[in-house]
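Colleague: First, the structure itself, so that you have it in front of you.
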């Protein structure tokens, strides 16, 4: 009996002390394995969502002009107005930056018949590019001619490099003011 108690105390208790940390480790590994299985199950869904988001971003980027495209875009709009029989003048306004988007407004003045002006505005709003027409003011028609003014705004994404450059310029301007 003493031998059995001694065996229990020396061998069994010692081994039991080693088993408990292994059980905890096994429970942690089981938890990690279950999490990995859940992620694996969702990975196809996440990849599909990523693909859809990538396509959406690509469509947005196609509809937003790059800075170098803007003069061509303006010429196209002036030409479009001319094809409708309008005289179109566009002048730049100061751009506004909001987060990673730059809003580029233009003051547009058109002269022509009322229905030509409204057709032109309608074509602008339905253009492939994102355009916003606001502050529309159409004067009364005199001798068959109306004058309309409005603000046409387009948007463009600001790249990370442009954001950094703008921040550096702003920081330099602040330090110049302090001097």
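Residue numbers (this note's numbering): -12 to 166. Even glycine gets a Cβ: it sits at the ideal position worked out from N, Cα and C.
1. So is residue 59 buried or exposed if we call it buried at 16+ other beta carbons inside 10 Å?
2. Rank 36, 16 and 132 by C-alpha distance to the C-alpha of residue 104 and give the top, closest one.
3. Quick one: what's got a C-beta closer than 7 Å to residue 145's C-beta in the same chain, skipping five residues either side?
4. Start and end of the alpha helix (DSSP H) containing residue 110?
5. Measure the Cβ-Cβ separation of residue 107 and residue 71 and say whether it is below 8 Å.
6. What does DSSP give as the partner residue(s) for residue 116 in the beta ladder?
7. What does residue 137 pair with, by DSSP beta-bridge criteria?
8. Out of 16, 112, 10 and 63, which one is the CA nearest neighbour of residue 140?
9. I'd like to check one pair, residue 136 with residue 94: are the Cβ atoms closer than 8 Å?
10. By a C-beta neighbour count over all protein chains shown, 10 Å radius and 16 as the cutoff for buried, is residue 118 buried or exposed?
11. Return the CA-CA distance between residue 9 and residue 38, expressed in angstroms with no decimal places.
12. Tell me which same chain residues have a C-beta within less than 6 Å of the C-beta of residue 128, skipping the five on either side of it?
13. Mind checking who residue 90 pairs with in its DSSP beta bridge?
14. Based on Cα-Cα distance, which residue from 67, 99 and 109 lies nearest to residue 130?
15. To the nearest angstrom, how far is the alpha carbon of residue 76 from that of residue 67?
16. Give a yes or no on whether the C-beta atoms belonging to residue 143 and residue 91 are separated by under 8 Å.
17. Quick test of your reading: residue 96 and residue 134, contact by CB under 8 Å. State the CB separation rounded to the nearest angstrom.
18. Can you give me the C-alpha to C-alpha distance between residue 34 and residue 78, rounded to a whole angstrom?
Modeller: Straight from the coordinates:
1. Exposed, since its Cβ has fewer than 16 Cβ neighbours within 10 Å.
2. Considering only alpha carbons, the answer is 132.
3. The answer, listed in chain order, is 84, 87, 88 and 89.
4. It spans 101 to 112 - the alpha helix (DSSP H) in which residue 110 sits, taken as one unbroken run.
5. Yes, the pair counts as a contact, with Cβ atoms nearer than the cut-off.
6. Looking at the DSSP output, residue 116 bridges to nothing.
7. According to DSSP, residue 137 bridges with 95.
8. When 16, 112, 10 and 63 are compared, the shortest CA-CA separation from residue 140 is found for 112.
9. Between residue 94 and residue 136, the gap from beta carbon to beta carbon is short of 8 Å.
10. Buried: at least 16 other Cβ atoms inside 10 Å.
11. Straight-line measurement puts the Cα of residue 38 at about 42 Å from the Cα of residue 9.
12. Setting aside the 5 residues that flank it on each side, residue 128 is surrounded in the same chain by 101, each with a C-beta closer than 6 Å to its C-beta; the list follows chain order.
13. Listed as beta-bridge partners of residue 90 by DSSP are 83 and 142.
14. When each option's Cα is compared against that of residue 130, the closest is 99.
15. Their Cα atoms are separated by approximately 12 Å.
16. Cβ distance < 8 Å, so residue 143 and residue 91 count as in contact.
17. Right, their Cβ atoms sit about 7 Å apart.
18. Cα to Cα, residue 34 sits roughly 45 Å from residue 78.
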